[in-house]
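To keep things clear, I will list the structure first and then write my remarks on it.
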Amino acid sequence: MNVFEAIQNRYSVRRYQPRPVEEPKLLRLLEAARLAPSASNRQEWRFIVVRDPQTRQALMRAAKHQPFVAEAPVILVCCAVTDNHVMSCGQLCYPIDVAIAIEHIALQAVTEGLGTCWIGAFHEDQVKEMLHIPKAVRVVELLLVGYPADAAVTKHRLPLEAIVMYDRWAG
Ligand SMILES: Cc1cc2nc3c(=O)[nH]c(=O)nc-3n(C[C@H](O)[C@H](O)[C@H](O)COP(=O)(O)O)c2cc1C
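Just so you know, numbering that gives the first Met the number 0 puts the end of the sequence shown at 170, numbered straight through with nothing missing.
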């Protein structure tokens, strides 16, 4: 499977099989994150691998009780050890850098036969407290990982002509 096929096949998996994720596969996902680019190679990302069923239940509650959160056999708690560095373009580095690493994981997961779902609807304070995450560290996203028990649906996306302009802002 090439990268474009992985992009085409990725979707947000919201039903998971109980089957565990094999260690070599999990390590390749984490390696895909480690190889991601980051602003000035800052590598602010940190990942907590959560497999313990009780902790996953607690994360589900912190994620606004989205039930499928606890179904995923692995939850990656995607954090940033950050000094809130802002690039000269005015953008914060860490959310961008962590997001790139997360999508590396999501695409590698597709090639491994795994599914993922980004979870941004969660209470950061609750996640930090339960996992003993230091105050200064930010929790950017949760990423669910596991074998899908559902199937992809049609992607609803804007057409290219609605999102791409050439040479100048148009419209
Ligand atoms: C930053 C981010 C946060 C998201 N948070 C959630 C979430 O909390 N719950 C959920 O079910 N899906 C969440 N999603 C998944 C999106 O709803 C999904 O990517 C989008 O609807 C497109 O569908 P697809 O991923 O299947 O292509 C999130 C996605 C992103 C990128």
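Don't be surprised by glycine CBs; every beta carbon is placed ideally from N, CA and C.
Between Asn83 and Ile101, the alpha-carbon positions lie close to 19 Å from each other. With a cutoff of 8 Å on beta-carbon distance, Glu43 and Ser37 are scored as near each other.
Sequence-distant Cβ neighbours of Cys78 in its own chain, meaning closer than 6 Å and more than five residues away, are Arg45, Val136, Val138.
For Leu26 and Glu160, the gap between their C-alpha atoms comes out near 39 Å. For Arg60, the enclosing alpha helix (DSSP H) begins and ends at 52-61. Gln7 counts as exposed, since fewer than 16 other C-beta atoms from the protein chains shown sit within 10 angstroms of its C-beta. Taking non-hydrogen atoms of ligand 1 into account, the C-beta of Arg14 is found less than 7 Å away from none of them. In the same chain as Gln16, and ignoring 5 residues on each side of it, the C-beta atoms closer than 6 Å to its own belong to Tyr146, Ala148, in chain order. Leu157 is classed as exposed because its beta carbon has fewer than 16 other beta carbons within 10 Å across all chains shown. Around the beta-carbon of Ile162, fewer than 16 other beta-carbon atoms lie within 10 Å, marking it exposed.
The distance from the Cβ of Val144 to that of Val20 is about 6 Å, consistent with a contact at the 8 Å cut-off. Considering only Ile132, Lys134, Ala120, the residue with the shortest C-alpha distance to Leu142 is Ala120.
Inter-residue distance for Arg50 and Ala151 is about 25 Å (C-alpha atoms, whole angstroms). Measuring C-alpha to C-alpha distances from Glu140 to each of Thr153, Val126, His131, Asn1 identifies Val126 as the nearest.
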